[in-house]
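Asker:
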Amino acid sequence: MSDLKENLHTEHMVLNMGPSHPATHGTVKFLLTLDGETVVDCVIDVGYLHRGFEKMCESVTWTNVFPYTDRLNYCSAIMNNIGYALAVEKLLGIECSDRCQYIRVVMNELSRIADHYTNIAAAALELGALTAFIYFVETREIIWDFLEMVCGARLTSNYVRIGGLMCDLPPEFDEKLQAAYPKLDSLYDDVDKLLTKNRIFLDRMRDTGTISKESAISFGFTGPCLRACGVNYDVRKAQPYMLYERFDFDIPLGTVGDNFDRYLVRMEEIKQSFKIIKQAMKEMPDGPINVDNPYMRQPSKQDVYSKMEEMIAHFKMTIEGLKPPVGEVYMATEAANGELGFYIVSDGGGRPYKCRVRPPCFTMTAGVEEIVRGGMLADIIPTFDMINMIGGECDR
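Going by the numbering used here, the sequence shown opens with residue 1, and the numbers climb by one from there.
(1) Is the region 220-237 touching the region 357-367 in the sense that three or more CB pairs, one from each, lie closer than 8 Å?
(2) Would you call Pro224 buried or exposed, if buried means 16 or more other Cβ atoms sit within 10 Å of its Cβ?
(3) Over what stretch of residues does the beta strand (DSSP E) that includes Ala335 continue unbroken?
(4) Counting along the chain, where does the alpha helix (DSSP H) carrying Asp379 start and finish?
(5) Going straight from the alpha carbon of Phe404 to that of Gln101, what length do you get?
(6) Taking the alpha helix (DSSP H) that Tyr135 falls in, what are its first and last residues?
(7) Three-state secondary structure (DSSP) at Met317?
(8) Are three or more beta carbon pairs between the region 200-207 and the region 299-312 nearer than 8 Å?
(9) Would you say Phe249 and Lys271 are within 7 Å of each other, going by their C-beta atoms?
(10) Select from Leu127, Thr10 and Arg297 the residue whose C-alpha is nearest the C-alpha of Leu92.
(11) What residues are listed by DSSP as bridge partners for Arg358?
(12) In terms of DSSP beta bridges, what is Met13 paired with?
(13) May I ask which residues mark the beginning and end of the alpha helix (DSSP H) holding Phe173?
(14) Measure the alpha-carbon distance for Leu169 versus Ile289 and round it to whole angstroms.
(15) DSSP state of Leu322, grouped into three classes?
(16) Which residues share a DSSP beta bridge with Arg351?
(17) Using DSSP with H/G/I as helix, E/B as strand and the rest coil, what is Cys229?
(18) May I ask which residues mark the beginning and end of the alpha helix (DSSP H) holding Arg206?
(19) Just to confirm my understanding: we take Phe133, look at its own chain, exclude 5 residues before and 5 after, and list those with CB closer than 8 Å. What are they?
(20) Are the Cβ atoms of Arg266 and His25 separated by less than 7 Å?
(21) Look at the alpha carbon of Arg71 and the alpha carbon of Glu393, and state the distance between them as a whole number of angstroms.
(22) Relative to the alpha-carbon of Thr196, which residue among Val105, Arg262 and Lys55 has its alpha-carbon at the smallest distance?
(23) So is Arg373 buried or exposed if we call it buried at 16+ other beta carbons inside 10 Å?
(24) Could you give the DSSP three-state label for Arg104: helix, strand or coil?
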């Protein structure tokens with residue numbers, strides 16, 4: 001036995017998980033040190049998409065940045081549009097009409113719902129729950145039908161404009177939305193019944209990926225992952241924007257800070273987002289959707305074709321770009337994964353001098369290293385899913 005103990009191989013195994021692993025979602029690599037199936041250490045490399053968001057923004061006009069924002073978190077592109085537009089509007093010192101802001105709220109919350117559907121569906125799929133994935137992808141497609149109805153695109157929308165919107169809601173929008181609620185509620189209930197009390201799902205999610213309130217704050221967690229720890233912070237309540245202070249909605253909180261709490265918080269946020277949408281559609285004011293200044297917003301094609309002043313403004317906007325005053329601002333919004341912030345700097349020219357994005361999941365991905373230490377190798381999958389890292393917005 002003494003010879004066996006001396007000669008038994010007891011070194012830790014070093015394992016590269018990703019970036020080609022299907023559960024690491026494209027670019028991420030985990031450098032794992034394992035003792036059997038227990039994670040002794042973990043080092044994360046977020047990888048690169050080689051898109052260079054910030055440098056691309058510096059090479060185009062202020063209005064041409066929108067298609068690039070679409071591709072940050074592509075599961076909820078309109079939320080990125082809105083965050084950037086609000087930052088530029090803050091720099092310009094302008095405020096959109098009430099109707100514009102109400103429509104933005106509706107589209108913002110629809111995007112949040114679609115993002116949560118995608119996150120929960122993908123997490124369930126990677127734990128083997130294919131049926132739940134199919135149900136929530138179907139609900140997401142219904143939501144995307146409404147996005148397509150408004151702006152003609154499903155994934156990358158390019159719907160929001162500085163000072164307004166590309167177009168108003170179609171006349172039949174509210175009627176079709178009302179008609180879709182029963183189907184959406186039914187599919188939501190199906191997933192709730194399949195997962196929330198499912199023995200296998202509970203075993204894989206509960207008491208895994210746990211992080212304390214103090215550690216979450218120190219890493220810079222925001223959004224559902226922070227609220228799952230019991231921290232009551234939501235930008236819509238803490239720093240109201242876009243008339244969110246007019247709406248009645250609750251902020252769901254967890255207690256343990258584990259993967260199951262993150263799941264429950266997102267499920268409840270879907271309900272709260274629908275509550276906001278219903279209020280916004282009921283109270284939707286009349287009025288314009290764009291600011292009344294053709295030199296601060298992209299004129300519509302109809303106006304460009306029929307009004308000389310609009311054509312001149314469009315020409316100058318396209319060639320020279322919008323010219324905000326010299327200065328710098330930071331604007332924070334509550335995206336689906338947490339605080340999405342844009343820090344922009346203007347030198348008075350037609351292009352951003354600097355456009356920096358503060359993505360929600362970048363700081364949370366760094367926290368995964370601490371979360372998974374001491375856990376099992378299999379627990380990395382649900383933990384990484386519920387952190388919901390999106391490669392597009394983490395790309396530096």
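A virtual CB, placed ideally from N, CA and C, is assigned to each residue, including glycine.
Answerer: In brief:
(1) yes
(2) buried
(3) DSSP places Ala335 in the uninterrupted beta strand (DSSP E) bounded by Gly327 to Ala335.
(4) First-last for Asp379: undefined, no H or E at that position.
(5) Not covered by the structure: residue 404. The range shown for the chain is 1 to 396.
(6) It spans Leu130 to Cys151 - the alpha helix (DSSP H) in which Tyr135 sits, taken as one unbroken run.
(7) Residue state, collapsed to three classes: helix.
(8) no
(9) no
(10) Arg297
(11) Gly341
(12) Leu34
(13) Phe173 to Leu195
(14) The alpha-carbon separation between Leu169 and Ile289 amounts to approximately 10 Å.
(15) coil
(16) DSSP output for Arg351 lists no bridge partner at all.
(17) coil
(18) Taken as a continuous stretch (DSSP letters only), Arg206 belongs to no alpha helix (DSSP H), as it is neither H nor E.
(19) Ala121, Ala122, Ala124 and Leu125
(20) no
(21) 8 Å
(22) Arg262
(23) Arg373 should be labelled exposed.
(24) helix
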